[in-house]
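Q:
2 protein chains.
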Amino acid sequence: MSQSLDRALVLLDALADGPRTLDQLAEQAGVHKTTVLRLLRTLESRRFVQRDDARHYRLGTALFDLANRSLDSRDVRRAAEPALRELNELTGHTVHLASYEGGEVVYIDKFESRHQVRMYSRVGKRAALHCTAVAKVLVAAMDPDRRERLAATIDYVPMTANTITTAEAYLAELAVVAERGYALDDSEHEDFIHCVAAPVRGQRGGVIAAVSVSVPKVLLDHDGLLALVPDLLRTAARASAACGHTAALT
Amino acid sequence: MSQSLDRALVLLDALADGPRTLDQLAEQAGVHKTTVLRLLRTLESRRFVQRDDARHYRLGTALFDLANRSLDSRDVRRAAEPALRELNELTGHTVHLASYEGGEVVYIDKFESRHQVRMYSRVGKRAALHCTAVAKVLVAAMDPDRRERLAATIDYVPMTANTITTAEAYLAELAVVAERGYALDDSEHEDFIHCVAAPVRGQRGGVIAAVSVSVPKVLLDHDGLLALVPDLLRTAARASAACGHTAALT
DNA sequence: CGGTGGATTGCGTTCCGTGCAACGACTAGT
DNA sequence: ACTAGTCGTTGCACGGAACGCAATCCACCG
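If you're matching them up, the sequences are chains A and B in order.
Each step along the first sequence adds one to the number in UniProt numbering, with nothing skipped, and position 48 is 48.
Each step along the second sequence adds one to the number in UniProt numbering, with nothing skipped, and position 105 is 105.
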């Protein structure tokens with residue numbers, strides 16, 4: 001709709017992968033470098049980019065500032081933090097916090113594994129709906145017809161041999177998840193990793209986020225993963241309590 | 001320079017403080033709401049904003065994605081992480097990683113205090129040059145005439161009774177910092193908090209970042225703070241080693 | 001000193017972005 | 001149920017902003 005803005009956003013995207021020069025950017029965005037220069041100047045004046053040296057530009061501090069200001073206002077993350085940190089320290093594994101926003105699932109916080117073999121991910125990354133434990137938890141919490149509508153729109157790309165590939169199987173899985181209160185990802189996304197996830201509830205009892213623990217299979221077999229469930233559920237309950245969910249602590 | 005882009009950036013800034021409606025944004029940016037609508041649409045198509053409900057917009061996932069992709073490519077942060085985490089676990093206090101970029105100091109990582117009383121800050125926040133320990137470390141590492149030029153440009157806003165308010169005093173302090181290898185902030189920024197900071201060195205031995213520990217005075221007196229220095233220096237050395245600084249581990 | 005690769009500037013044209021005004025959707029108040 | 005009000009959305013015509021070109025400047029190197 002707005003040409004110049006759109007181009008600027010492409011530039012930001014390109015810059016996220018590291019410092020770039022003027023004509024690298026010009027080529028990547030497919031516009032004249034004069035244009036790139038002017039857009040960069042505007043971005044620079046608002047600190048969205050900054051000059052690295054004479055010929056390299058990189059993302060500026062405004063982006064981090066914005067992202068974190070915005071995260072601050074998402075109370076889930078702040079409220080859930082202590083509980084997640086503790087789970088991370090207790091188990092030593094990667095802990096994620098994710099929420100459903102506008103048709104997709106996004107990681108909003110992450111605590112790194114202490115182990116050498118660890119999962120690659122990052123805050124802000126989007127998660128596939130059909131092959132992650134957090135997504136199952138979040139979608140399972142929706143009312144049935146919304147689930148079905150959503151299930152019909154998913155592109156069931158097979159990631160591993162275990163990936164769910166049909167809407168029917170997905171809906172059946174969601175029913176199980178809703179019933180037992182936590183979700184599994186049995187190497188459905190990556191061959192070497194499996195996960196467990198549980199819901200975080202807000203004031204009204206609605207599910208506002210999902211916590212998950214992701215573990216490389218070489219470190220823990222299926223039973224070992226299931227053994228984490230009690231700790232996971234306790235963490236989810238603590239996080240829910242911190243978010244104002246009154247009936248969470250038993 | 002680029003009007004529409006500039007306005008869009010203002011919009012993003014406004015949205016960082018929470019969801020906004022169309023004409024809230026129009027008023028804040030001082031433009032017609034039609035314009036706001038179109039800019040938002042472009043931003044939305046690239047996931048920089050997303051609709052909250054029928055009349056509220058909020059920042060989208062692209063921002064988090066960009067910020068974190070970019071942080072990934074800043075090796076300091078990744079490399080220093082384990083060392084900082086350990087310091088945080090050891091002391092229980094707030095640990096910051098900051099670097100000097102384009103005339104200012106920015107927090108690029110943070111580990112939260114375990115205590116109830118804690119410092120408020122956030123990744124991406126900029127730090128004042130004259131009243132923070134990390135800034136002193138980073139500026140003290142510059143060559144003398146760059147220090148002096150910088151010291152002359154600072155606006156020495158007094159934050160507390162202890163804040164340094166003249167360039168002479170600042171330069172003298174920097175000399176002390178450079179000499180002893182760590183910096184103090186003796187409640188120069190906030191009345192109730194004091195900090196210690198030490199430099200993280202890269203491959204060539206140059207200072208590429210600063211680690212700091214921030215402690216409320218009610219938890220630790222001045223001597224208690226100084227007692228943290230050995231741990232701090234060990235952490236800084238480990239972080240330096242992780243960044244490729246060969247002579248750091250003794 | 002000339003050559004090369006990059007950033008930067010001036011300028012004319014054109015198309016993109018803008019504000020206005022009218023419309024539509026939805027809410028609240030009586 | 002009607003009306004008034006609020007807010008998001010669309011069509012349109014005008015003007016200036018953004019564009020690409022080409023020329024210039026600047027730093028670096030042989």
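Even for Gly, the Cβ is constructed at its ideal location relative to N, Cα and C.
As the structure is a prediction and not an experimental result, all values here were calculated from the model.
(1) Starting from the beta carbon of T42(A), find every residue of chain B whose beta carbon is closer than 8 Å, and list them in chain order.
(2) Using a cut-off of 8 Å between C-beta atoms, extract the partners of K33(A) located in chain B.
(3) From the beta carbon of R238(A), is the nearest beta carbon of chain B less than 7 Å away?
(4) Sort out for me which residues DSSP pairs D186(A) with in a bridge.
(5) For the candidate residues A198(A), R46(A), A241(A), V218(A), whose alpha-carbon lies nearest to that of L97(A)?
(6) What is the DSSP secondary structure of F111(A), reduced to helix, strand or coil?
(7) Give the DSSP-derived three-state secondary structure of H96(A) in the structure shown.
(8) Quick one: list the residues of chain B neighbouring G124(A), beta-carbon separation under 9 Å, in chain order.
(9) Kindly list, in the order they appear in chain B, the residues whose Cβ is closer than 9 Å to that of Q24(A).
(10) Between which two residues does the beta strand (DSSP E) carrying Y170(A) extend?
(11) Does the distance from the C-beta atom of V215(A) to that of H93(A) stay below 7 Å?
(12) Name the residue from C131(A), A128(A), A29(A), A151(A) whose alpha carbon lies nearest to the alpha carbon of D6(A).
(13) Counting only Cβ pairs nearer than 8 Å, list the residues of chain A close to D13(B).
(14) Run through the DSSP bridge pairs and tell me what P82(B) is partnered with.
(15) Could you check whether the Cβ of L84(A) sits closer than 7 Å to any Cβ belonging to chain B?
(16) Does L90(A) come within less than 7 Å of chain B when only Cβ atoms are used?
(17) Do we get a CB-CB distance below 7 Å when we pair V106(A) with the residues of chain B?
(18) So, A140(A) versus V177(A), is the Cβ gap smaller than 7 Å?
(19) So is R38(A) in contact with chain B if we call contact Cβ pairs under 7 Å?
(20) Any Cβ of chain A within less than 7 Å of the Cβ of A16(B)?
(21) Helix, strand or coil: how does DSSP classify R55(A) here?
(22) So, is the C-beta of T235(B) closer than 7 Å to a C-beta in chain A?
(23) Quick one: what's E101(A) bridged to in DSSP?
(24) If you check the beta carbons only, do L11(B) and L22(B) fall under 7 Å apart?
(25) Would you say C243(B) lies against chain A (beta-carbon separation less than 7 Å)?
(26) Residues in its own chain within less than 6 Å of A183(B) by CB, not counting five upstream and five downstream?
(27) From the DSSP output, in three-state form, read off R126(A) for me.
(28) With burial defined as no fewer than 16 other Cβ atoms inside 10 Å of the residue's Cβ, what is the status of F48(B): buried or exposed?
(29) Determine, using beta carbons only, whether D109(B) and T160(B) come nearer to each other than 7 Å.
(30) Just to confirm, are A127(A) and A239(A) a CB contact at a threshold of 7 Å?
(31) Are the beta-carbon atoms of A236(A) and V211(A) separated by less than 7 Å?
(32) Report the three-state DSSP secondary structure of A140(A) (helix, strand or coil).
(33) Do E179(A) and N162(A) have their C-beta atoms within less than 7 Å of each other?
(34) Beta-carbon within less than 8 Å of T250(B)'s beta-carbon, same chain only, minus the 5 sequence neighbours each way: which residues are those?
(35) Could you say which of A8(A), L129(A), Y120(A) lies nearest to Y100(A) if we only look at CA atoms?
(36) For V213(A), report the span of its alpha helix (DSSP H) as first-last.
A: In short, the structure shows the following:
(1) M1, S2, L5, D6, L9
(2) Residues of chain B passing the Cβ test: none, with the nearest at roughly 15 Å.
(3) no
(4) Beta-bridge pairing links D186(A) to no other residue.
(5) A198(A)
(6) strand
(7) strand
(8) T61, A62, L63, F64, D65, L66, A67, N68, R69
(9) What Q24(A) touches in chain B: nothing, since even the nearest Cβ is about 15 Å away.
(10) It is not in any beta strand (DSSP E) - Y170(A) instead sits in the alpha helix (DSSP H) that spans 167-180.
(11) yes
(12) A29(A)
(13) R46, A62, L66
(14) None; P82(B) has no bridge partner.
(15) no
(16) no
(17) yes
(18) yes
(19) yes
(20) yes
(21) coil
(22) no
(23) E104(A)
(24) no
(25) no
(26) A133, K136, V137, V177, A197
(27) strand
(28) buried
(29) no
(30) no
(31) yes
(32) helix
(33) no
(34) Only weak support is given to the placement of T250(B): the predicted model assigns it a pLDDT of 39, under 50, and the value that follows is read from those uncertain coordinates. For T250(B), where only same-chain residues beyond five positions count, the Cβ hits under 8 Å are A237.
(35) L129(A)
(36) First-last for V213(A): 207-216, but that is the beta strand (DSSP E), not the alpha helix (DSSP H).
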